[in-house]
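Below: the structure, in structure tokens.
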Amino acid sequence: MRSNGKLDRFVVIGGGISGLSSAFYLLKEAELRGRKALVTVVDPSERIGGKIDTLRKQGFVIEKGPDSFLARKTAIVDLAFDLGIQDELTGTNPAAKKTYILHRGKLHPMPPGLVLGVPTEIMPFAKTGLISWGGKLRALMDFVLPASKAEGDESVGEFLTRRVGPEVMERIAEPLLAGIYAGDLSKLSLQSTFPQFREAERRHGSLIRGTRANRRKGAAAPAAPNRLPKHLQNSMFLTFKNGLATMLEALTDALAGAESRFGLKAVAFRQNEPGDKQATAPYEVLMSDGEILEADGIVITAPAHDAADLLEPHIPVDALRAVNYVSVANVVMAFDKASFGMEFDGSGFVVPRSEGTTITACTWTSAKWLHSSPDDKVLLRCYVGRANDEEVVDLPDEDLKEAVRRDIRNVLGITAEPIFTEITRLHRSMPQYPVGHVQATAKLRAQLRSQLPGVWAAGAAFDGVGLPDCIRQGKESARIVYDAVMK
Numbered sequence: 132m133r134s135n136g137k138l139d140r141f142v143v144i145g146g147g148i149s150g151l152s153s154a155f156y157l158l159k160e161a162e163l164r165g166r167k168a169l170v171t172v173v174d175p176s177e178r179i180g181g182k183i184d185t186l187r188k189q190g191f192v193i194e195k196g197p198d199s200f201l202a203r204k205t206a207i208v209d210l211a212f213d214l215g216i217q218d219e220l221t222g223t224n225p226a227a228k229k230t231y232i233l234h235r236g237k238l239h240p241m242p243p244g245l246v247l248g249v250p251t252e253i254m255p256f257a258k259t260g261l262i263s264w265g266g267k268l269r270a271l272m273d274f275v276l277p278a279s280k281a282e283g284d285e286s287v288g289e290f291l292t293r294r295v296g297p298e299v300m301e302r303i304a305e306p307l308l309a310g311i312y313a314g315d316l317s318k319l320s321l322q323s324t325f326p327q328f329r330e331a332e333r334r335h336g337s338l339i340r341g342t343r344a345n346r347r348k349g350a351a352a353p354a355a356p357n358r359l360p361k362h363l364q365n366s367m368f369l370t371f372k373n374g375l376a377t378m379l380e381a382l383t384d385a386l387a388g389a390e391s392r393f394g395l396k397a398v399a400f401r402q403n404e405p406g407d408k409q410a411t412a413p414y415e416v417l418m419s420d421g422e423i424l425e426a427d428g429i430v431i432t433a434p435a436h437d438a439a440d441l442l443e444p445h446i447p448v449d450a451l452r453a454v455n456y457v458s459v460a461n462v463v464m465a466f467d468k469a470s471f472g473m474e475f476d477g478s479g480f481v482v483p484r485s486e487g488t489t490i491t492a493c494t495w496t497s498a499k500w501l502h503s504s505p506d507d508k509v510l511l512r513c514y515v516g517r518a519n520d521e522e523v524v525d526l527p528d529e530d531l532k533e534a535v536r537r538d539i540r541n542v543l544g545i546t547a548e549p550i551f552t553e554i555t556r557l558h559r560s561m562p563q564y565p566v567g568h569v570q571a572t573a574k575l576r577a578q579l580r581s582q583l584p585g586v587w588a589a590g591a592a593f594d595g596v597g598l599p600d601c602i603r604q605g606k607e608s609a610r611i612v613y614d615a616v617m618k
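So the numbering used here is basically just the index in the sequence shown, starting at one, shifted up by 131.
Structural data, given as structure tokens:
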């Protein structure tokens with residue numbers, strides 16, 4: 132599979148964090164292997180970074196896309212060290228640990244010991260006003276219900292209802308877990324999202340017992356990697372002091388030797404015949420402007436629908452066609468603290484579907500992330516849109532602002548006028564993993580290995596929507612594709 136030229140040529144399709152990570156680690160792989168590589172990144176957008184979009188305005192650091200990442204997923208911390216920006220990492224405010232859940236129009240503190248919606252401390256769970264006594268007793272039946280012997284995947288909603296009952300699923304787990312995916316838990320794959328739940332049931336015979344055991348095991352370990360400074364090691368979430376764009380800027384510098392085709396789309400690729408003497412590389416990528424890019428290897432990190440269009444002439448793509456996307460939006464409001472009228476004792480709240488609000492969650496950003504706002508200002512970020520409730524995303528700006536402010540007024544009593552409001556609409560941005568997704572994507576990737584050596588597909592549509600998952604897949608893609616090119 133080696134090219135006839137002096138360079139190993141790679142085309143990375145997708146300029147989000149998965150694609151940029153793939154490009155960065157392809158260059159690192161070339162260096163490790165004593166090779167020379169030319170990497171070209173292609174994306175129809177004019178800007179790099181995909182959903183990552185930091186706005187620095189009037190002393191605020193505002194994330195219009197993702198705002199942070201789980202510290203225990205180390206791929207992004209590793210990338211920060213590789214880029215030399217580890218000193219820019221920052222954690223959450225330790226004084227803002229409380230999270231609330233809206234129930235019947237009032238905020239209830241999340242019971243201590245709750246892990247991804249699963250109660251692991253019985254007394255705090257027994258005292259919460261979120262769940263009826265009947266619902267609490269049903270949840271505790273998890274201790275005596277037999278573990279399912281069925282093999283294969285099931286939905287998150289089906290699993291949680293089976294183990295801890297519908298009330299816990301709908302009032303606690305759904306707003307917490309669906310907030311990560313903006314999804315419908317009755318359709319979301321358990322194996323693809325929270326496989327640790329099924330493992331807890333199998334190993335301990337109880338979801339609560341297994342989650343409690345995992346929590347105790349993890350209690351001795353820091354939330355963040357221990358090579359970080361002490362003040363960051365206990366932070367569950369991390370970001371960068373000047374926003375996630377810090378990572379994009381560092382990647383841009385690191386990829387200075389690469390090429391890019393932003394504002395152009397890869398519309399197809401062709402596999403050359405091994406004996407074709409006219410071909411100088413195994414693959415050719417056709418661009419929307421007619422340019423043809425020769426490639427020894429291709430990494431596809433585009434959304435599932437675009438990846439399917441590229442791969443369909445070559446292999447079956449049912450696994451990608453089955454991944455639907457949900458549209459969401461966020462509304463960020465900045466206030467003067469002097470006129471705001473309240474102090475926050477936590478990081479925000481989440482909203483079950485049953486509450487009937489426009490917003491699905493609200494982060495008290497300036498309380499959770501001290502770097503995000505000047506000391507005399509307050510920053511709130513409200514989320515709208517989820518599976519089966521996406522129309523709100525496309526409300527006119529003024530209507531959307533008013534709907535969000537009405538919810539904030541009703542829940543928090545805030546009547547102050549914002550200094551400014553920023554609305555960001557993220558259409559078709561949240562991939563939904565259907566039941567059986569793990570098996571379906573494994574089959575697709577097996578076909579890639581056998582039929583299109585040197586071509587790989589990765590990104591949020593495959594194996595995790597979080598930034599660390601995307602970066603991990605980018606690094607894995609670089610190794611897999613380079614291995615194929617070296618054969």
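Even glycine gets a Cβ: it sits at the ideal position worked out from N, Cα and C.
List the DSSP bridge partners of residue i.
i    : result
K508 : D467
E529 : BP columns for E529 are empty, so no partner.
F480 : Y231, C493
T185 : E194
W587 : V430
A460 : V515, R556
N455 : Q563
T370 : T221
P250 : L245
Y414 : Q402, A426
F91  : Any property of residue 91 remains undetermined from this structure, which presents the chain solely from 132 to 618.
S320 : S286
DSSP on residue i, reduced to helix/strand/coil?
i    : result
P565 : strand
I148 : helix
W474 : Here residue 474 turns out to be Glu, not Trp, going by the sequence shown. Here E474 sits in coil by DSSP.
I429 : strand
R140 : strand
N135 : Unreliable positioning characterises N135 in this predicted model, as indicated by a pLDDT of 43, which lies under 50. The coordinate reading is nonetheless provided below. N135: coil per DSSP, three-state reduction.
N403 : coil
L276 : coil
G222 : strand
I83  : The shown model of the chain, from 132 to 618, leaves out residue 83, and the question about it has no answer.
G619 : With the chain running from 132 to 618 in the structure shown, residue 619 is simply not present.
K348 : helix
I611 : helix
D174 : strand
F593 : coil
T239 : Looking at the sequence itself, residue 239 is His, so the reference to Thr does not match. Here H239 sits in strand by DSSP.
D538 : helix
R166 : coil
I216 : coil
S286 : strand
S485 : helix
D520 : strand
How many whole angstroms separate the CB atoms of residue i and residue j, which I take to be in contact at a CB cut-off of 8 Å?
i    : j    : result
S478 : L369 : About 14 Å; that fails the 8 Å criterion.
S608 : V430 : 5 Å
Q563 : V454 : 7 Å
I554 : V462 : 5 Å
For a quick check, are the C-beta atoms of residue i and residue j less than 8 Å apart?
i    : j    : result
G516 : A460 : yes
A278 : V299 : no
A354 : R203 : yes
V612 : G428 : yes
F471 : I545 : yes
T489 : A547 : no
G567 : S153 : no
V569 : S391 : no
V616 : V416 : no
K574 : A450 : yes
L442 : A588 : yes
D139 : F393 : no
L557 : I148 : no
F191 : S503 : yes
G265 : I303 : no
A412 : E425 : yes
D295 : F325 : With the sequence shown as reference, residue 295 is identified as Val, and Asp is not the correct amino acid for it. No; because the gap between Cβ atoms is not below 8 Å, this pair is not in contact.
T185 : K499 : no
L543 : M473 : yes
K182 : S560 : yes
T251 : R346 : yes
G146 : S176 : yes
Does the distance between the C-beta of residue i and the nearest non-hydrogen atom of the ligand ATP fall short of 7 Å?
i    : result
R140 : This structure simply doesn't include the ligand ATP, nor any ligand for that matter.
Okay, do the stretch 231 to 245 and the stretch 479 to 494 touch, 3+ Cβ pairs below 8 Å being the bar?
-> As far as the Cβ criterion goes, the stretch 231 to 245 touches the stretch 479 to 494, which means the pair count is three or higher.
Report yes or no: do three or more beta-carbon pairs, one from the stretch 376 to 387 and one from the stretch 354 to 368, lie closer than 8 Å?
-> no
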